[in-house]
Amino acid sequence: MCINSVASLNVYLAIGHFLVITMRLAAAVAFLLSTALFQAIAVSGCQEGHTKVNPDDCGSYLQCVHGSYIQRPCPAGLHYDPVLGLCNWPYLVDCEQGSGGRTCQLGHRKSDPSDCGSYMECVHGVYIQRPCPSGLHYDPDLGICNWPHQVNCQTTTTSPPITTTVTTNPPSTTVGTTMPPSTTVVTTSPPSTTVGTTMPPSTTVVTTTPPVITTPVTTVAPSSERKVVCYFTNWAIYRPGAGKFEPEKILPDLCTHIIYAFTVLDGSTHQIKIHDQWADEGLKQFKRVLKQKNHGTKVMVAIGGWNDSAGSKYSVMVSTAANRAAFIQSVAEFLEEWGFEGIDLDWEYPACPQGECSPQYAQDKTNFATLVREMREAFGDRYLITAAVSASKEKIQKGYDGVELARHLDFINVMAYDFYGAWDRKAGHVSPFRDYPQSGNSDNNVVASISHWKAAGVPVNKLVLGMPMYGRGVTLDSASNHQLGAPGNQPSQQGQYTRENGYLSLYEVCEKVLQDGYQIVKDPNGNIGPYIRKDRQWISYDDWDMIKTKSEWALSEGLAGAMIWSLALDDFSGQFCQCGKYPLLKAISQTMKGQEAARPQCAMFQ
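Shown next, in the form of structure tokens:
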């Protein structure tokens, strides 16, 4: 998200992986088929309860009942596994006999010969029936559910209402009981239309080959609700003392959306994967953050970030239809498995990996837009799809197809910060609201950045304005020259909690002022937030007034809302700034709700 070192302390040991695998295998082996129905006593002909392969059908098995074998069906979509003595996914079972032994390609779809209003989809090696949304017929030419008058189908049966049961998880493994796989109810939206255009409906398609939906997709309509998007950083749990941030410190009702950062891209498989298994699973932060859904907050997961965007792996992933399909399928499975409500694409940046633009990556612009379109075609309205994007004019022009992204993304998070930092070797503001005389670049500010995104064809009601809950700083060459633009060849000293040179959380800024005697310097013209200084240390940040100014401006300009980086960097405890918990986030939240932001009664923000 921002140029931030992720303290991914991989404290879990290899033995942890072994234990997880062992437990999963133990659970699978424990799923013995229906042995609780009968006592395992020997009778004439066969042993009571014994099971074996049905030579005529992979999808069933033979069980000994009162001295003779009778046929028992596996749950839909599963094959009998004689090694484990249970019904298992077909791809894990070596079976080629009988009707149940036919295999198919994952995600492949075909007509249902008995019902125009449904289709057959390949799931783990076998075809299962999927209903179309109510009133629609399956169109084998386009591979989607379509209007009946556009489909040549001779049967008259149509599907029931639009709730679809989709099998996504491994088979249940309860001892002694034959159970179907766990299922999740998926609601497919009815056809969406635009004025003057009849559009085929959205359908969910996840394949290992290029997506089969080729029909145009309507623009995703923006919500009228002003969004407050809050990034949760999984590494903040490793910070010491009062800087440690855990999911339970999130205050309900301040954020409309929480985005969990980060997952990463596997460069060899082109699939999403967990980056820090200890933080996400071991410390159960995935599940703990997902509890915010109980308050009506949308909880998404982000992939990427600054560190993961190094090199060419994202460029390679978007470069071919097969690679994109592998990624899309993995994301769908990941979201379904964990319960996240959407994906935030935080590739920093298309055509400009880690800020270095190169003709070598020129095709990223088109390919990234294609990925987003194919994700929308695959997901329909089931999952949110958003992107965290650059605020730089050059990167906007070289890396993003604004029109296409706006058509398919639910909203776009503009990272309108890190305009300046220690890398510039001078004192510049981290997130100028408007240009200021010493900037050296009139495009490096919030107002200009949003203007560039509008020029790229993105409507303002798809743009979410990002704001920093942190400061950037330099160590000045001379304590006597501390004005904006003053030279500084080293980053400022690190804080005791964030522990990164040139970077301080808001609460560490407050600590510098209230405990260490740093001086606050404000811009009388209101173009930028303040900076603090002491000796050769110089740190810029946004205070309560600047956050309120930006929030009110975003509201007046018709933007979709505001975003913060990040929850763990505001004064979440209230003990440092002495202005209550989350003083900056509260100003944003109140403003986005149309309320007058209540100024904290504290010395820091007077």
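Count along the sequence shown from 1, add 1, and you get the number used in the numbering used here.
All C-beta atoms, glycine included, are put in the ideal place defined by N, C-alpha and C.
Proximity to E378 [Cα-Cα], best of H409, Q607, E553: H409
Nearest neighbour of Q495, chosen from H430, G472, D309 [CA to CA]: Distances from the CA of Q495 to each of H430, G472, D309 were compared; the closest alpha carbon is that of G472.
Through-space distance from Y498 to E512, alpha-carbon basis: 11 Å
Pairwise C-alpha distance: E122 and R110: 4 Å
Please classify D419 as buried or exposed, where buried requires at least 16 other C-beta atoms within 10 Å of its C-beta. buried
Residue span of the beta strand (DSSP E) that contains R537, given as start and end: Careful: R537 lies outside any beta strand (DSSP E) and carries neither H nor E.
Euclidean distance between Cα positions of D425 and M376: 37 Å
Excluding sequence positions up to five away, which residues of its chain have a Cβ less than 7 Å from the Cβ of G559? Same-chain partners within the cutoff: V461, N462.
Do three or more CB pairs link the stretch 345-356 to the stretch 279-287 at distances below 8 Å? no
Which one of A237, P351, A598, L137 has the shortest CA to CA distance from A311? P351
Quick one: using the 10 Å Cβ neighbour count with 16 as the cut-off for buried, is T270 buried or exposed? exposed
From the DSSP output, in three-state form, read off S393 for me. coil
From this set, P488, P492, S481, F412, which residue's C-alpha is nearest E226's C-alpha? F412
Assign Y401 to one of three DSSP states: helix, strand, or coil. Coil at Y401, not helix or strand.
For S552 and I386, I'd like the C-alpha separation in whole angstroms. Taking the CA atoms as reference points, S552 sits about 23 Å from I386.
What whole-angstrom Cβ distance do Q355 and W279 have, given they're in contact under 8 Å? Not really, about 26 Å apart at Cβ, beyond 8 Å.
Can you tell me which of the three DSSP states C511 falls into? helix
Give the straight-line distance between the Cα atoms of G595 and V94, rounded to the nearest whole angstrom. 58 Å
Give the straight-line distance between the Cα atoms of T264 and A388, rounded to the nearest whole angstrom. 14 Å
What are the boundary residues of the beta strand (DSSP E) that P74 is part of? 69-74
Since T234 sits in a beta bridge, which residues does DSSP pair it with? A262
In terms of DSSP beta bridges, what is L87 paired with? D82
Since Y508 and C580 should fall inside the 8 Å C-beta cutoff, what is the C-beta to C-beta distance between them, to a whole number of angstroms? 10 Å between Cβ atoms; not a contact.
What are the boundary residues of the alpha helix (DSSP H) that includes N324? Residues 322-339.
Suppose you measure from the CA of V448 to the CA of S557; what does that come to, to the nearest Å? 12 Å
Where does V148 fall in DSSP's three states? Looking at the sequence provided, one finds Trp at residue 148 rather than Val. DSSP places W148 in coil when its eight states are reduced to three.
Out of I273, C603, A555, which has the shortest C-alpha to C-alpha gap to K314? I273
Who are the Cβ neighbours of K549 in its own chain at under 7 Å, not counting the five residues just before and after it? A588, T592, A598
Which of the three DSSP states, helix, strand or coil, is assigned to N414? strand
How would you write the range of the alpha helix (DSSP H) that L586 sits in, first residue to last? 584-593
Is the stretch 293-308 in contact with the stretch 357-366, if contact means three or more CB pairs nearer than 8 Å? Counting C-beta pairs closer than 8 Å gives fewer than three between the stretch 293-308 and the stretch 357-366, which falls short of the contact rule.
Does the separation of the CB atoms of T476 and S493 fall below 8 Å? yes
So, D277 versus W236, is the Cβ gap smaller than 8 Å? yes
Residue of W566, I565, L585 minimising C-alpha distance to S574: L585
Does the Cβ of V84 have 16 or more other Cβ atoms within 10 Å, making it buried, or fewer, making it exposed? exposed
Run of the alpha helix (DSSP H) containing M376, from where it starts to where it stops: Per DSSP, M376 is one residue of the alpha helix (DSSP H) stretching across 365-380.
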